[in-house]
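Read through the structure below, which is laid out as C-alpha cells, and then see the notes.
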Amino acid sequence: MNCLSSATPTKVSQTADPTNVVPETPLPEDPIFPKMLPDDKLGKVLEANDKSRISMEIKIGSLVEELGFLRDDNGKFMVRVIEGKKALAPLQPQVVTNQTAIQDLQDQVWVLEESREVAEGHSYRSNLSILGLQEGIEGCDPLTTIENCFKTFVPACNPTPFLLLERTYRVLGCPPVTGALQCSMQAKLFHFRPRDSILNVTRLTWPLKLENQTGMLFLDYTQTDRANEPPSWEKRRAFKN
Numbered sequence: 043m044n045c046l047s048s049a050t051p052t053k054v055s056q057t058a059d060p061t062n063v064v065p066e067t068p069l070p071e072d073p074i075f076p077k078m079l080p081d082d083k084l085g086k087v088l089e090a091n092d093k094s095r096i097s098m099e100i101k102i103g104s105l106v107e108e109l110g111f112l113r114d115d116n117g118k119f120m121v122r123v124i125e126g127k128k129a130l131a132p133l134q135p136q137v138v139t140n141q142t143a144i145q146d147l148q149d150q151v152w153v154l155e156e157s158r159e160v161a162e163g164h165s166y167r168s169n170l171s172i173l174g175l176q177e178g179i180e181g182c183d184p185l186t187t188i189e190n191c192f193k194t195f196v197p198a199c200n201p202t203p204f205l206l207l208e209r210t211y212r213v214l215g216c217p218p219v220t221g222a223l224q225c226s227m228q229a230k231l232f233h234f235r236p237r238d239s240i241l242n243v244t245r246l247t248w249p250l251k252l253e254n255q256t257g258m259l260f261l262d263y264t265q266t267d268r269a270n271e272p273p274s275w276e277k278r279r280a281f282k283n
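Numbering-wise, the sequence shown is residues 43 to 283 according to the numbering used here.
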C-alpha cells in the first residue's frame, strides 16, 4: 500500500550575528519643512516678518501715491505741450517766410556792400597823393597851389581845362608840424583820364622839382584795395615778366 505523504516545509531560524550590526542612516533634513524653531524664537521671527511686511506696504503705498502725482503732472505737461504745438502750428509758415526774407536781405546787403566798394573805388580813382611838398606851401589857397604844382611838375598839363581840380587837402593824419620841411597833400580831379596822363608824364620827367623840393605823385587806393594789394615781391616779379 502506497502512502502519499505531504512534506511540510520547515522554517529555518537564523540567529542574528551580534557582530554584524548595520548602522541606521539619518534622513536628510527636509528643505521645504525645516526643523521647527522653538516657540519663543518662532514668535519673534513672525513678529519681525509682520513688521517688515507692514513697512514695505507703507513704502509701496507712498510710491504708488507719488507715481500718481507724477502721472498727473505728466498729463498736465502733455496738455501744455499739445496746446503749444497747436499755437505754433499757424506760425510755421511765418517762420519760413521770415527765413526767406532774412536770406533776401543778406543778399541785398552783400550787393550793397559790393556797390559801396565800387563807388568808393570810383571816388578814389581820381585822387592823387603828392609827397615832398614844402611845409606851409599851400597857404590859404591850397587849390591854386596844387594847380601850380601840377603845372610845374608836368608842363604838358598847363591847359587850364585839363586841370579841373575838385578839391585839395592835407593827407589825413598829417597835421602841420612846426619846423617840418615837407608835407603831403591829396588832390581830387573832376575827371579820371587826366590822372593817368599826369602820371605818365611824371614818369618821363622824373625827378619832379618844385622850389628845390623833390616831389612824388602816387595813386590813392581805398582800404579794400590796399588790403587786397599783392606784396611788393609779387609786383617786382610781375614787372620782370
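Every residue, glycine too, gets a C-beta built ideally from N, C-alpha and C. For clarity, every value in this text was computed on a predicted model and none was experimentally measured.
Beta-carbon to beta-carbon, Thr210 and Ile188 are separated by about 4 angstroms, close enough to satisfy the 8 angstroms threshold.
The closest CA to that of Gln176, considering only Asn169, Leu206, Gln141 and Arg212, is found on Arg212. Note that the C-beta distance between Leu173 and Glu208 is not below 9 angstroms.
Remark: C-beta atoms of Ala229 and Leu170 approach each other more closely than 9 angstroms. Look at Ser104 here: in three-state DSSP terms it is helix. Here Thr210 is bridged, per DSSP, to Ala229.
The C-alpha of Leu105 is placed about 26 angstroms away from the C-alpha of Val123. Rounded to whole angstroms, the gap between the alpha carbons of Ser226 and Asp183 is 15 angstroms.
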